[in-house]
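> Below are the structure tokens for one structure; questions will follow.
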Amino acid sequence: MAIYDHTFFEPPPKDIPVDVILSVAQLSHKYEIKYLRHRSILHIERNYSMDMDTFISRGTRGVRDPWFIKFETLLNIIVTATYINALWVLPAAYYLCSDATASHIFRDTSSWNSSQHVTVLRNILAGTINLEIMDVAFEELIGTYPCSGCRHREQCALTTLAAVRQVWSSITRRKPAGRKPHTLTYWRNRKWWEAYCKGLCAPCSLACMSAYESTRGDHWDKIPSAFNLPSWKELQSLRETNFSDS
């Protein structure tokens, strides 16, 4: 129907059920219907951005039923994006999958009956291990103060120690079910970080915020490689090539 009637499958911001989006994406790619393929990609990528701040803000939209973070939906998104060569949505989608605990990943045995899903699940498990190694950098970041120009070394040391214990406990805590957040979850709220920095002296606070912004960006830059994907720059180039081929 979408082939003959352009209004049947409109581009964003029109809301369309995810199963329809994925079906159109696969069929339009298979039969080389470029305008439908482009529209389906636009629908997919608005929830899996290559921009860190846009990606982080996706969870603050007030959506009651955020389908785009459901594990089973994410598996289908990744399989479809791989098939249609929209690889630039994969880092964000894989990152959201990595929040799931191992028990959640293995719970749905039907997913392991699909060779495509098996490949994705293996990538999730391997990438999650890499992300957990990257999480250590967060402890190292907040544990580097007092700075060289500190005015109240004892106070800043105690403030830092308390923050290390609180945040690292949250990052490493595991539950039998549910989602396990990684570092970026704690870095998404600048107000929280600013509140933590207020407990430090002025030089340490400035150094703290500077390190926060720098390391936050470094962490985001490494997410594609955690899942054995091309860099953000290469993925951006791939996207531009895809959309220029009209």
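To get this note's numbering, take the position in the sequence shown, counting from 1, and add 403. For each residue, glycine too, the CB sits at the ideal point set by N, CA and C.
(1) Can you tell which of I536, S517, R449, A505 has its C-alpha closest to the C-alpha of L493?
(2) Which of the three DSSP states, helix, strand or coil, is assigned to A505?
(3) What is the C-beta distance between H520 and L478, in whole angstroms, given that I count them as a contact (C-beta under 8 Å)?
(4) Could you give the first and the last residue of the continuous alpha helix (DSSP H) run that contains W635?
(5) Near V427, which residues of its chain fall below 7 Å by C-beta distance, leaving aside the five closest residues on each side in sequence?
(6) Would the beta-carbon of I472 fall within 7 Å of that of V523?
(7) Rounded to the nearest angstrom, how far is the Cβ of I527 from that of Y497, given a contact under 8 Å?
(8) Which residue wins for smallest C-alpha separation from A605, given the options A503, S647, C553?
(9) Where do the N-terminal and C-terminal ends of the alpha helix (DSSP H) with P627 fall, by residue?
(10) Give every residue of the same chain whose Cβ lies closer than 6 Å to the Cβ of R556, excluding the five residues on either side of it in the sequence, and list them in chain order.
From the atom records:
(1) Cα-wise, what sits closest to L493 is R449.
(2) When secondary structure is reduced to three states using DSSP, A505 falls in the helix class.
(3) Indeed, because the Cβ distance is near 6 Å, the residues count as touching under 8 Å.
(4) Per DSSP, W635 is one residue of the alpha helix (DSSP H) stretching across 635 to 647.
(5) Residues A405, F412, L439, S443 of the same chain have their beta carbon placed closer than 7 Å to that of V427, with the five preceding and five following residues left out of the count.
(6) The answer is no: Cβ separation not under 7 Å.
(7) A Cβ-Cβ distance of about 6 Å is found for the pair I527 and Y497, placing them in contact under the 8 Å criterion.
(8) Taking the Cα of A605 as reference, the smallest distance to any Cα among A503, S647, C553 is reached at C553.
(9) Start and end: 605 to 629.
(10) Around R556: P549.
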